[in-house]
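Asks: Protein chains in written order, with this note's numbering: chain A, 1376 to 1852; chain B, 10 to 371; chain C, 6 to 358; chain D, 3 to 316.
Ideal Cβ placement from N, Cα and C applies to all residues, glycine included.
Please read these numbers as outputs of a predicted model, since none were measured by experiment.
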Amino acid sequence: MTVMTKMKGFATAAGFAATLMVGGASIASAEDVVLTMAVPDWPPTRIMKKFFDEQYKPASGNKVTLDVDFIPWPDFYTRVNASLTSGEKKYNFIVSDSQWLGAFVEGGYFRKINDLLEADPAFMETFKSIHPNPLNAYSTYPHKSENYYGFPQFPDVLVNFARKDIICHDEEQKNFQAKYNKKLPCTGEELDAMTWDDFKNVGEFFQRKKGDMLAGAPAEDDFYGIAYQAGKGYDFSSMQINGFIWQMGGNTWDETQIPNGQAEGVVNSPEAVAALEKYLSLIQYMPPVAKTGTMDIFKSDELFREGKVAMNINWIGLGEASLDPNSSKVSDKLVFGQMPGTMGADGKMIRWSNIGGQPFVLTTWTTDAQIKEAVEFVKWWLSSEIQHQFAAGGGQSAVKSVYEDPKYVTYRPWNRAWAPQLDWQKDVWHVPQFFELLTQQQDQFDLAITGKQDAKTTLDNVAKFQQNLLTEAGLIQ
Amino acid sequence: MSTIEIRKVTKRFGDFTAVRDADLSVAAGEVVCLLGPSGCGKTTTLRMIAGLERATSGDVVIAGRNMNELPPEKRDIAMVFQFYALYPALSVGQNIAMPLHYEKLSKAEVDARVIKVAKIMHLTEVLDRMPSHISEGEKQRLAVARAIVRDPNCFLFDEPLSRLDVELRHSMRGQIKEVLTGLSKATVIVTHDQLEALTMANRIAIMRDGLIEQVGTPHDVFAKPANVFVASFIGTPQMNLVDADLKSFDGKNASVSLAGNDLVIAADPAVSRLKPSKVTVGIRPRAFTAANEKAADTIAAQAELIEPMGAETLIHARTAAGGDIRVVVPRDKRVKIGEALHLRPDPKQTHFFGEDGKAVRA
Amino acid sequence: MSSTTATAAPPALMTLAPDNWKLAILVGLAVSVIAAITFPASVSFWIVGAMAALVAAAFVVNAFRRKYYGGLLVAPAIAVLFVMNIFPLLWSLGLSFFAYQSNNQSIRFVGLNNYIKALTNDLAAEANWNALVNTAMFVVFTVAAQMVVGFLLALLFAKQFPLRKYLLILVLTPMMLSVVASGVFFTYYYDPTFGILSYIMGNITGEQFILMDNKLGAVAGIVFADAWMWSPFVMLLVLAGLVSVPKYLYEAAAIDRVSGWRQFWTITFPYIRGLLMLALLFRTIEAFKLADLVILLTKGGNDTMTISYHLIRIANEQNKTSEGAAISYLMLFMVIVLTNLYLYLANRRSHGA
Amino acid sequence: MSSSASFMERLGFRKASGVGEAGWGRTLFVAVIAFIYFIPVLFIIFTAIKPQNLALSVPPTLSPTSFFGLIPDQYVFSPTLENFGSVFSRSMTTGGAPEDTGFDRYFFNSIFISSVSVGLALIIGTLAAFGFSRYPLKGNDTYLFIILTTRMLPAIVVIIPIILMFRTVGLSGSYIGIILLYTAFNLAFTIWMMKSFFDELSLDVEDAARIDGSSEVKVFFKICLPQVVAGLAATFVFGLILTWNEFLFALLLSGADTRTVPVAMNQAVSSGGRGTDWTLLAAIETLFLIPVFLVTFFLQNHLLRGVTFGTVKR
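1) Does the distance from the CB of A:GLY1578 to the CB of A:TYR1660 come in under 8 Å?
2) Considering only the alpha carbon of each residue, which of D:THR67, D:TYR184, D:THR151 lies closest to D:ALA123?
3) On the CB-based measure, 16 or more other CB atoms within 10 Å of its CB, does A:TYR1524 come out buried or exposed?
4) Whose C-beta lies closer than 8 Å to the C-beta of B:GLU364 among residues of the same chain, with five residues either side of it excluded?
5) Can you pull the chain C residues whose beta carbon is under 7 Å from the beta carbon of A:GLY1608, in chain order?
6) B:THR200 lies in the beta strand (DSSP E); which residues open and close that run?
7) I'd like to know whether the C-beta of D:ILE225 is nearer than 8 Å to at least one C-beta of chain C.
8) I need the straight-line Cα distance from A:MET1423 to A:ASP1780, nearest angstrom please.
9) Using the beta-carbon of each residue, which ones in chain D are nearer than 8 Å to A:SER1702?
10) Nearest to C:ILE227 by alpha carbon, out of C:VAL248, C:VAL250, C:MET180, C:PHE143?
11) Can you find a C-beta in chain D that's less than 8 Å from the C-beta of C:VAL138?
12) At a CB distance below 7 Å, what residues from the stretch 1672-1700 of chain A approach chain D? Give them in sequence order.
13) At a cut of 8 Å, does the stretch 119-135 of chain D reach the stretch 288-297 of chain C through at least three beta carbon pairs?
14) With distances taken from CA atoms, which of C:ILE312, C:ASN345, C:GLN151 is nearest C:ILE131?
15) Rounded to whole angstroms, what is the Cα-Cα separation between A:GLY1731 and D:PRO156?
16) Under 7 Å from any heavy atom of the ligand COA, does the C-beta of A:VAL1470 make it?
17) Distance cutoff 8 Å, beta carbons only. Does C:MET310 sit that close to anything in chain D?
18) One question on the structure: do C:PHE162 and C:LEU175 come within less than 8 Å of each other, judged by their Cβ atoms?
19) Under 8 Å between C-beta atoms, does C:ALA11 make it to chain B?
20) So C:ASN119 packs on C:GLU328, CB below 8 Å; how close in whole Å?
21) Using C-beta distances below 7 Å, list every residue in its chain close to B:MET139, excluding the 5 sequence neighbours before and after it, in chain order.
22) I'd like the span of the beta strand (DSSP E) that includes A:LEU1533, first residue to last.
23) Return the residue from the list B:VAL41, B:ALA214, B:PRO108, B:LEU173 that minimises the CA-CA distance to C:GLU256.
24) Work out the CA separation of B:LEU33 and B:PHE166 for me, nearest whole Å.
25) Out of D:ALA50, D:THR103, D:GLY97, which has the shortest C-alpha to C-alpha gap to D:SER80?
26) A:GLY1398 CB to nearest chain D CB: under 8 Å?
27) Could you round the C-beta distance between B:HIS201 and C:SER264 to whole angstroms and report it? I think they count as a contact, below 8 Å.
28) Which residues, taken in chain order from the stretch 1458-1487 of chain A, show a beta carbon closer than 9 Å to some beta carbon of chain C?
29) Considering only residues of the same chain and omitting the five flanking positions on each side of A:ALA1400, which have a CB-CB separation below 8 Å?
30) Of the residues that make up the stretch 107-126 of chain B, which ones have a beta carbon closer than 8 Å to any beta carbon in chain C?
31) Please list the partners that A:ASP1416 has in chain D, where partner means a Cβ-to-Cβ separation under 7 Å.
32) Taking B:PHE136 as the reference, which of B:LEU151, B:GLU14, B:VAL224 has the closest Cα?
33) Ends of the alpha helix (DSSP H) at B:LYS284?
34) Can you tell me whether D:MET196 is buried or exposed, with buried defined as 16 or more other CB within 10 angstroms of its CB?
35) Rounded to whole angstroms, how far is the Cβ of B:ILE308 from the Cβ of B:ALA195, which I believe are closer than 8 Å?
36) Could you list which residues in chain A have their beta carbon closer than 8 Å to that of C:GLN213, in chain order?
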């Protein structure tokens, strides 16, 4: 055998293998459409899959399959990022954090959907029925532009989780009144009206040692008044700190002002520094784990469910576990309110908060046949009926007609605080540099939380880094 | 005083009894060989003396002190191991010096003693080498050197020569004996080689299946074996042990039926203790003289196999009863295969053993 | 090598023969380069692959014809290693000379810039340097702790005693746990509210005890968890050395009244030195890669960021692929220097002995 | 005195019967230390049989039994096997009916992928080790070192090319892909280990067999291989322990059907919209520990002998 004939042989073999591959990718015929979706593994996505399997009847008559890859939350980003950036082209739909939009749109992975909206008025109508704040957060890149990418999967906001049995106890009410000359909030409405100062008072008031009297009985363990996220991981302090900064008149770097919006002078403005100081000053009233920089949203939730704190600011998305008696010692003692605000000079409450939750997006390699079915699926998903079922099953809806329906507040105890809060949600950066901005900021916040540097230095460092990075990237001139 | 005494020492491993009720005493300056086939318990006995094994029962007394509860390092003994147990990471000199560290001598003193011993054992040339780079004979000498470098209560040797070739073994036997003579310590040597035992020992203890069968001087164990086992174990070629019927004994001569011959032979007066019965008659191969014709005190046999051994010739002869008798004759005595022989045993070297296998002797 | 009975002379360079591997390399290289330039990546990938297979086949035929059994035996391993390990390594080595972010498909040759940035840029270099210092600290502490604990454990098990087999498996279990599970449970053990450690310390001192709120405690917590998990590995290797020491050497030492300390250095240690070196080598390599425990326990807080976690952030979260590759090659360089130093020392000692 | 065994001796607390051996006294001492060392594992196992609501109780519950009143009641929990059931079937939506979690599949995947890849690495690696040992090439040590180098780089660096390669060849999410990858992952260690075993063997026996007319193949299988069984066992156990718990490659290269337990385990680390489900995580880990524990236990004797044989006189 000569080299040439052998080469031919190899070429044939390679060609054969290649044919197999191509064949493998195009097996889905016009009648059989498979939509592959990468989602985090938790109830809101499990329920979506369940509804689809049980109820979805495609109008086209095609056989549509939703092939969902449930990926455990802690590894979700790693897996999705690797799949996208390696060019694996595996998924048609991806649940994405709103902040990832820029990075993956710029990389050419997320598909812009304006053309689909324009081509389908019904789709546009459904789309526009979403509250503008979540819509901006979940769908637009550049942030607050007219370029749309995503649809809400699980919209989420921060609310105040509180324990009725503690805060409504007569003795505690009396003592609180005596000490602060103010009523200790007890009902949902009273919680809504809380400012951060009230929140601080609760923290100070309910700091009890093991054996001290608590709500009429000796405490079985050390007890704390308040908790909120103060962890180094992912965005587990920024999401809370941003709310403080916005409420107290400061700002984060504003990408809608590109290229003129600055980081230095804005991010570390005196207002922002004061806000961070306020945030930090409350940590001393929280469970000791806050001092280690690992009090993320899961830890504060765990402490609350185990009955170690009276009030906890956390995402609604973590709420179900509090209601479940198997995983919660306080399941029958709960009351929910809006996240505290800041009293303005004019006596009006100023409320801002960082939005949570996730949209899902379409990827650029999705074929036309798939897109047709995908649009139908999204319309179905955002339809009032399904959104109602979703909310009843533990989800949240950002569709106006759904959350304004009087039935909506009956689904879950925190839903009372949902609609009003949507009006004051904001989001942070959607730029591709998101992760660099976030990790540096989280590192700096962690240093402040664990008492290694003060608020001013922290924000100066953050501002300096952002200014450099964004200037280098051409986003600041 | 450098003495060793063991009394009623027994060692059991689970159900297996390795050594049973062993008694032995070794005087100062005496060399005792523990001799026996493999698995007879001789090494276990030695290890109990050394303290490497604990006796299940019985006492080990060294230099007049009961050592039962003492670990080896407190017994002040020196031992040469079968595989030499040279410390592989130390040079020859360092190996010799190891036992001296305990005595906290000055470096000069240690060096002096190492060199002295190295001279005795002809190791001066290789003092700086590693054990893996010296010859088998040097290794053996090093093992001995390490034992004699200090002044212990006693010496123990475990098969010291078994790894050497015949020639080396021969010369080492002499060397070790020479060294030991100068030290006047109680010494126990374990060996399975009777030549080694016979040449080196003052006394030999022969062991079988955990029992000491006989203790005696090399001459004693050879000339007066206590039982069939010792008789067969000591001496080459092996003693002829022939089953016989003792018919009568008149106080001087015994009349036996042996290998198809009726034989009258002078015997020890103690034979009178035996009733007419089955006995075993033991005759060393060198204890025969060849008679020209059949007589009352001869055994008839036919030469079957002839093995020249140099100075002597070993003849395997077949008796009428079909048994095999080994006979050693001088080289100049020519025997042909198939030749009929009339063998006259020397009564002085003829041993009678009772049915229990014990020698019958006054 | 052993079979010197070569059956055929090697073919001349330009002969077309299935065992002419030299020609195969030439053709393969030429075709690959042309293909890489002219065709898109998805096509040239296959052509390059076919060329690699061609060269490999030529090697095999050549080895078979001339009875180079060594080559034949090694070939499958080399093939798997090449495809799954060396090829990706070379790929990322190549990437380290480009400006490339995996989520931003443009690519540009920048030479050594990534290395220069990693070493000198005022922001990047400081973070790298800091992570490197921390990594060095963790390497020293975790490896030292593992060696000491593993060694002591091995000493415990060196002698034969009843039930040894069952007790040994208990001690081996920690290294069989998945890092995620044991790491997550260590966060629980160290938790100031729920954890056992704080509960015990609180009951003893009467004060609230928080382990992880300072650098010392955080490092101690990570080192403890890591040493707990991997000391059994060291133990196993050391134990293997200990049981391989012939018993009669210890008997001889007992007879020679050698002190315990001297016994250890002159008899035991020479036997386990090789295995200790092996344990040291493997544990050092692993310690350089320490990331998961740090992520689970501190997220790099309290100044516990390691180079490997730093790398995960850069290469994975921030998608700065080529920068990450440059840093990891700098790290690889250090590991290689260090392991060669070990090997050099190990060989020198054993030749000297 | 000496001949009469004391009470303690009859109980088994006898003094060592020789150098290198120890009695029950040592057993007791080691048992205490081994137990202390084992406590963190034991705690995980106990958490697996705890009722869910006691997982984070303060004071921590420590034992499923009071040991006849030895342990105060507040530290005792009543054991349950429910958590093991939840590993395989539980409600994945709020208030929904229990559904299959797929863990039976994940366990199968872990066992299948680990055993095949470690076995494959053993076969290929042993051949290569024999080659390196008997037919050394020029610069042999350099090749061996390069092979070792492949284990020094953090996995995250090589992962992107591998994903792309897998995608191009159509291996992503397949068993073959991840098995091949793990095989490579284990090869370095296998070759290093097995080479040192072959180096130790006496060449005389092999030469004798060759003179007797045995082929090279026969020499390898009939003469060499039987002598390194202990080494094979030890290498298998080490490889298995490393592969069994491998996470990053498994996360990025396995598909929904080929996912292994370490990846799926993270379901319990942030499960159902909350933080760690401690009892579930413990139950998964406990089940996951059993196979590798058993293999190690049964190959334990080889483990020690194997390691020794191979490396001591390197």
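Replies: To lay it out plainly:
1) With contacts defined as CB atoms closer than 8 Å, A:GLY1578 and A:TYR1660 qualify as a contacting pair.
2) Checking every option, the nearest Cα to that of D:ALA123 belongs to D:TYR184.
3) buried
4) SER286, LYS287, VAL288
5) LYS304
6) DSSP places B:THR200 in the uninterrupted beta strand (DSSP E) bounded by 195-200.
7) no
8) Going from the Cα of A:MET1423 to the Cα of A:ASP1780 covers about 21 Å.
9) One finds GLN54, ASN55, ARG276, ASP279 in chain D with Cβ atoms closer than 8 Å to the Cβ of A:SER1702, taken in chain order.
10) Ranking the options by Cα distance to C:ILE227, first place goes to C:PHE143.
11) For C:VAL138, the answer is no, since every Cβ of chain D falls outside 8 Å of its Cβ.
12) Along the stretch 1672-1700 of chain A, the positions whose C-beta sits under 7 Å from a C-beta of chain D are PHE1673, LYS1674, ASP1676, GLU1677, GLU1681, GLY1692, LEU1693, GLU1695, ALA1696, read in chain order.
13) no
14) One point to set straight first is that residue 131 of chain C is Glu, not Ile, in the sequence displayed. Minimum Cα distance to C:GLU131 is reached at C:ILE312.
15) Roughly 33 Å between the two C-alpha positions.
16) Only the bare structure without any ligand can be found here, which leaves the ligand COA out of the picture.
17) no
18) no
19) Low per-residue confidence applies at C:ALA11: pLDDT is 43, beneath 50, and the placement is therefore not dependable, though the value from the model is reported in the following sentence. Chain B places no beta carbon closer than 8 Å to that of C:ALA11, leaving this residue out of the contacts.
20) Between C:ASN119 and C:GLU328, the beta carbon gap of about 5 Å places them in contact (Cβ cut-off 8 Å).
21) SER100
22) 1533-1538
23) Among B:VAL41, B:ALA214, B:PRO108, B:LEU173, the Cα nearest to that of C:GLU256 belongs to B:PRO108.
24) 16 Å
25) D:ALA50
26) Reliability of the predicted coordinates at A:GLY1398 is poor, the pLDDT of 37 falling under 50, and no value is obtained from them.
27) The pair is not a contact, with the Cβ atoms about 35 Å apart (cut-off 8 Å).
28) LEU1459, THR1460, SER1461, GLY1462, ALA1478, PHE1479, GLU1481, GLY1482, GLY1483, TYR1484
29) A caution first: A:ALA1400 carries a pLDDT of 41, below 50, which makes its placement in the model unreliable, though a value can still be read off. Nothing meets the Cβ criterion.
30) Flagged, chain order: MET107, PRO108, HIS110, TYR111.
31) Correct list: GLN269.
32) According to the sequence shown, residue 136 of chain B is Leu rather than Phe. Of the listed residues, the one whose Cα sits closest to B:LEU136 is B:LEU151.
33) Segment: none, B:LYS284 is in no alpha helix (DSSP H) and carries neither H nor E.
34) buried
35) With a Cβ gap of about 45 Å, B:ILE308 and B:ALA195 do not count as contacting.
36) ASP1597, PRO1663
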